[in-house]
Amino acid sequence: MSGFCGIPPALVQRYAEEVNEDVYDVADAIDHLRLRSLVVRGRIGIPNDFLADSCTGIIIEQANCESLHSWLVSIGLPMCEKLFNEHGYTDLKQIATLKESDLITCGISKPTHRRLLITALCALAVNLDKV
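The UniProt record's numbering applies: residue 1 is where the sequence shown begins, and numbers increase by one.
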């Protein structure tokens with residue numbers, strides 16, 4: 001899931017957790033950077049007053065299941081794609097059954113990232129079974 005401004009709420013949640021800051025403060029900072037970036041490129045941006053609100057619920061069930069890349073972005077862990085690819089995992093069906101030990105083998109060293117992935121993988125398996 002990606003907000004109307006292209007910022008995945010799960011990414012904001014993860015950043016807030018990692019820097020131990022309030023999700024509202026992190027969302028405001030990220031949106032400010034987005035707007036500044038648009039101005040630098042000569043474009044006009046509209047502030048996303050609802051970004052923080054979209055980041056407070058459970059987002060994993062709403063993850064984008066179109067591709068491995070889209071799914072990882074929507075759960076806030078796009079940096080894991082390279083690690084999965086290096087270990088031969090290139091699509092969602094391949095990763096749906098991974099366990100924590102598999103994530104460690106892939107090089108996902110942060111326990112918080114592994115916990116998030118395990119939760120998201122459980123939801124992914126359910127979503128893939130529906131298809």
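Glycine residues also receive a C-beta, built at the ideal position from the N, C-alpha and C atoms.
Next item on the list: Determine, using beta carbons only, whether A96 and L124 come nearer to each other than 7 angstroms.
Entry: yes
Margin query: Helix, strand or coil for E66? Go by DSSP, reduced to three states.
Written below: coil
Check: Which residues in the same chain as L11 place their Cβ atom closer than 6 angstroms to its Cβ, once the five residues preceding and following it in sequence are excluded?
Finding: G76
Note to self: Taking the beta carbon of D31 as the centre, do at least 16 other beta carbons fall within 10 Å, making it buried, or is it exposed?
What the structure shows: buried
Margin query: Quick check on H87: does DSSP put it in helix, strand or coil?
Written below: coil
Check: Looking only at its own chain, which residues have a Cβ that is under 7 angstroms from the Cβ of L128, when we skip the five neighbours before and after it?
Finding: L92, K93, A96
Check: Y89: which of R36, L68, P78 sits nearest, CA to CA?
Finding: L68
Next item on the list: Just confirm the distance between the C-beta atoms of I108 and L83, as a whole number of angstroms; I'd bet it's less than 8 angstroms.
Entry: 6 angstroms
Check: What's the C-alpha gap between R34 and N48?
Finding: 10 angstroms
Check: Secondary structure at C122, three-state DSSP: helix, strand or coil?
Finding: helix
Check: Taking the Cβ atom as the reference point for each residue, do residue 134 and H87 lie within a distance shorter than 7 angstroms?
Finding: Any property of residue 134 remains undetermined from this structure, which presents the chain solely from 1 to 131.
Margin query: At the level of alpha carbons, what is the spacing between V126 and Y24?
Written below: 30 angstroms
Margin query: Between which residues of its own chain and E17 is the CB-CB distance below 7 angstroms, once the five residues before and five after are set aside?
Written below: T112
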